[in-house]
Amino acid sequence: MTNVFPKKVKMVEVGPRDGLQNEKNFVPIEVKVDLINRLSEAGFRNIEAASFVSPKWIPQMAGSDQVMKDIKRKPKVIYSALTPNLQGYEAALAAQANEIVIFSAASEAFAQKNINCSIAESIQRFIPVVQTAKRDGIFVRASISCSLGCPYQGPVEPHEVVAVVQQMLDLGCDEIDIADTIGIGTALQVKRVYEAIFRIAPSKIFSGHFHDTYGQALTNIYAALEMGVEIFHSSVAGLGGCPYAKGATGNVATEDVLYLLHGLGIETGVDLEAVVSIGQFISEAIGKPNQSRVGKALLNQ
Ligand code: HMG
Ligand code: MG
Numbered sequence: 016m017t018n019v020f021p022k023k024v025k026m027v028e029v030g031p032r033d034g035l036q037n038e039k040n041f042v043p044i045e046v047k048v049d050l051i052n053r054l055s056e057a058g059f060r061n062i063e064a065a066s067f068v069s070p071k072w073i074p075q076m077a078g079s080d081q082v083m084k085d086i087k088r089k090p091k092v093i094y095s096a097l098t099p100n101l102q103g104y105e106a107a108l109a110a111q112a113n114e115i116v117i118f119s120a121a122s123e124a125f126a127q128k129n130i131n132c133s134i135a136e137s138i139q140r141f142i143p144v145v146q147t148a149k150r151d152g153i154f155v156r157a158s159i160s161c162s163l164g165c166p167y168q169g170p171v172e173p174h175e176v177v178a179v180v181q182q183m184l185d186l187g188c189d190e191i192d193i194a195d196t197i198g199i200g201t202a203l204q205v206k207r208v209y210e211a212i213f214r215i216a217p218s219k220i221f222s223g224h225f226h227d228t229y230g231q232a233l234t235n236i237y238a239a240l241e242m243g244v245e246i247f248h249s250s251v252a253g254l255g256g257c258p259y260a261k262g263a264t265g266n267v268a269t270e271d272v273l274y275l276l277h278g279l280g281i282e283t284g285v286d287l288e289a290v291v292s293i294g295q296f297i298s299e300a301i302g303k304p305n306q307s308r309v310g311k312a313l314l315n316q
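With this note's numbering, the residue at position 255 of the sequence shown is 270, and numbering never jumps.
What follows is the structure, given as structure tokens:
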């Protein structure tokens, strides 16, 4: 049997940001810090730790500067932060974020709801952010929401994703996340989107950021792996949801992704058992059921 899969993949743990941003009750700074420290101990080299957005829009992410200050930084671990504009970038830089994330959407309607501007306006807003980040030597990641469907617009076509990817490339972004914000996409659609974007840039700069609302995320990751994607995002215990995508559930659970990847003989550098106990820790801390199937199965053994 020929193995078409990569030898290793880069896992980006987004639980502390994407996973927690939608929690109604404020998760104490100490819990967020504890979560991030446990994740770095478990072997993650990329942790989305903070978000310097307007606290009026996302109250849960207030105090991101304190989180970044209090974490115990491990060498070689990249602690990234969302930055919707220059104000956010300056806060992220002051907080010593190693990587910034700018974010727009493949759907006009979602861009309006999430960042209060059109896609074109968001790109204009990102020009000084990316220019300054480049000057400061900060890695820039761009996230494209609703790449597989939009809660307001409905279907999203690959050419709409390609158009935004091209603009992110023109800005000078180093990595680009193909995000299924509402977890609605299916495997063939995933393949079509990557096929389209790989015509304009190398596969190694793209990630898969899949939410699991329709239970398709693992299948979509498998499809993306077959296409040659080598970077995946996930949230421990499947935490999360998007405040501007009603009904969307969390990211695919990290434990489930690790189980899949390790089963395929793909290295991640992350200790699954440690992540299972972190999943239980954070679920108990926020009083929510653990959404990871693998986590629950291993905890029940
Ligand atoms: P706006 O209201 O149009 O902006 O919001 P504004 O420039 O008019 O500013 C309004 C107020 O916000 C002002 O304060 C600014 O100072 C303040 P006031 O004068 O009223 O007191 N402000 C800020 N405060 C702190 N940090 C900042 C900042 N910027 C402005 N950076 C804005 C526009 C983009 C700021 C707003 O819409 C926003 O913050 N949106 C963020 C929404 C968000 O975080 N969504 C979730 C993250 S994206 C996501 O989860 C998707 C992803 O996971 C991929 C996927 O799954 O799809 C990445
Ligand atoms: Mg997301």
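Every residue, glycine too, gets a C-beta built ideally from N, C-alpha and C. Small disclaimer: the values here were computed from a predicted structure and weren't measured.
Original post:
Does the region 296-312 come close enough to the region 267-284 that 3 or more CB-CB pairs lie under 8 Å?
Top reply: Contact between the region 267-284 and the region 296-312 is present, because at least three Cβ pairs lie under 8 Å.
**OP:** Would you mind sorting residue 27 into buried or exposed? The rule is 16 or more other CB atoms within 10 Å of its CB.
**Re:** The residue given as residue 27 occupies position 12 in the sequence shown. Residue 27 counts as buried, since at least 16 other C-beta atoms from the protein chains shown sit within 10 angstroms of its C-beta.
Original post:
Should the region 55-66 be regarded as contacting the region 78-97, the criterion being three or more beta carbon pairs within less than 8 Å?
Top reply: At 8 Å Cβ cutoff, the stretches touch.
**OP:** Answer with buried or exposed for residue 19, where buried requires no fewer than 16 other C-beta atoms within 10 angstroms of its C-beta.
**Re:** If you number the sequence shown from 1, residue 19 lands on position 4. Flag for residue 19 reads exposed.
Subject >> Segment limits, alpha helix (DSSP H) that includes residue 174 >> reply: Working through the sequence shown from its first residue, we reach residue 174 at position 159. Its alpha helix (DSSP H) spans residues 173-186.
Original post:
What residue ranges within the region 225-299 form continuous alpha helix (DSSP H) runs of no fewer than 4 residues, ordered along the chain?
Top reply: The qualifying runs are 232-242 and 269-278.
Subject >> 6 Å CB neighbourhood of residue 46 in its chain, flanking five on each side removed >> reply: Translated into the one-based positions of the sequence shown, residue 46 becomes position 31. Excluding sequence neighbours, residue 46 sits near 300.
**OP:** Check the DSSP bridge columns for residue 222 and list the partner residues they point to.
**Re:** For the purposes of this step, residue 222 is taken as residue 207 along the sequence shown, with counting starting at 1. Answer by DSSP bridge pairing, in chain order: 192.
Original post:
Is any heavy atom in the ligand HMG found nearer than 7 Å to the beta carbon of residue 62?
Top reply: To locate residue 62, count along the sequence shown from 1; it is residue 47. For the ligand HMG, not one heavy atom lies less than 7 Å from the Cβ of residue 62.
**OP:** List the endpoints of the continuous beta strand (DSSP E) containing residue 107.
**Re:** Here residue 107 refers to the residue found at position 92 when the sequence shown is read from its first residue. Going by DSSP, residue 107 is part of no beta strand (DSSP E) but of the alpha helix (DSSP H) stretching over 101-109.
Original post:
In chain order, what residues of the same chain have a beta carbon less than 6 Å from the beta carbon of residue 282, not counting five sequence neighbours either side?
Top reply: The residue labelled residue 282 in the question sits at position 267 within the sequence shown. Cβ-Cβ distances below 6 Å link residue 282 to 23 in the same chain, with the five nearest sequence neighbours on each side left out; the list follows chain order.
Subject >> Sequence-distant residues of its chain with Cβ nearer than 7 Å to residue 66 (five each side left out) >> reply: Mapped onto the sequence shown, residue 66 falls at position 51. Correct list, in chain order: 32, 36, 73, 76, 79, 96 and 97.
Original post:
Between the beta-carbon of residue 225 and the beta-carbon of residue 235, is there less than 8 Å?
Top reply: Residue numbering aside, residue 225 sits at position 210 when the sequence shown is read from its first letter. Residue numbering aside, residue 235 sits at position 220 when the sequence shown is read from its first letter. For the pair residue 225 and residue 235, the CB atoms are nearer than the 8 Å cut-off.
**OP:** With residue 26 as the anchor, note down where its beta strand (DSSP E) starts and where it stops.
**Re:** If you number the sequence shown from 1, residue 26 lands on position 11. Element bounds for residue 26: 25-28.
Subject >> Contact check, residue 265 vs residue 227, beta carbons under 8 Å >> reply: Taking the sequence shown and counting its residues from 1, one reaches residue 265 at position 250. Taking the sequence shown and counting its residues from 1, one reaches residue 227 at position 212. Yes, Cβ-Cβ distance for residue 265 and residue 227 is below 8 Å.
Original post:
Do residue 211 and residue 223 have their C-beta atoms closer together than 8 Å?
Top reply: Residue mapping note: residue 211 aligns to position 196 of the sequence shown, counting from 1. Residue mapping note: residue 223 aligns to position 208 of the sequence shown, counting from 1. No, Cβ-Cβ distance for residue 211 and residue 223 is not below 8 Å.
**OP:** Please confirm whether any heavy atom of the ligand HMG lies closer than 7 Å to the CB of residue 80.
**Re:** Along the sequence shown, read from residue 1 onward, the residue named residue 80 stands at position 65. No, since every heavy atom of the ligand HMG falls outside the 7 Å radius drawn around the Cβ of residue 80.
Original post:
Taking all protein chains shown into account, do 16 or more other C-beta atoms lie within 10 angstroms of the C-beta of residue 305, making it buried, or fewer, making it exposed?
Top reply: Start at 1 with the first residue of the sequence shown, and residue 305 comes out as number 290. Residue 305 comes out buried.
Original post:
Between which two residues does the alpha helix (DSSP H) carrying residue 209 extend?
Top reply: As a position in the sequence shown, residue 209 is number 194, starting the count at 1. Per DSSP, the continuous alpha helix (DSSP H) segment holding residue 209 begins and ends at 202-212.
Original post:
Sorry if obvious, but does the Cβ on residue 247 come closer than 7 Å to a heavy atom of the ligand HMG?
Top reply: Reading the sequence shown from its first residue, position 232 is the one you call residue 247. Not under cutoff, so the answer is no.
Subject >> Rounded straight-line distance, which links the Cα of residue 93 to that of residue 112 >> reply: For this step, residue 112 is matched to residue 97 along the sequence shown. For this step, residue 93 is matched to residue 78 along the sequence shown. Their Cα atoms are separated by approximately 8 Å.
Original post:
Is the CB-CB distance between residue 171 and residue 135 below 8 Å?
Top reply: Position 156 of the sequence shown holds residue 171. Position 120 of the sequence shown holds residue 135. Contact: no.
Subject >> Own chain, CB closer than 7 Å to residue 182, minus 5 neighbours either side, in chain order >> reply: Within the sequence shown, the letter at position 167 stands for residue 182. Hits under 7 Å: 138.
Original post:
Between the region 184-196 and the region 148-165, are three or more C-beta pairs nearer than 8 Å?
Top reply: Enough Cβ pairs lie closer than 8 Å, so yes.
**OP:** Please name the residue in 176, 218, 251 and 141 whose C-alpha comes closest to that of residue 241.
**Re:** Here the question's residue 241 lines up with position 226 in the sequence shown. When only C-alpha atoms are compared, the closest one is 218.
**OP:** Quick one: using the 10 Å Cβ neighbour count with 16 as the cut-off for buried, is residue 174 buried or exposed?
**Re:** By one-based count along the sequence shown, residue 174 stands at place 159. Residue 174 is exposed by the Cβ-count criterion.
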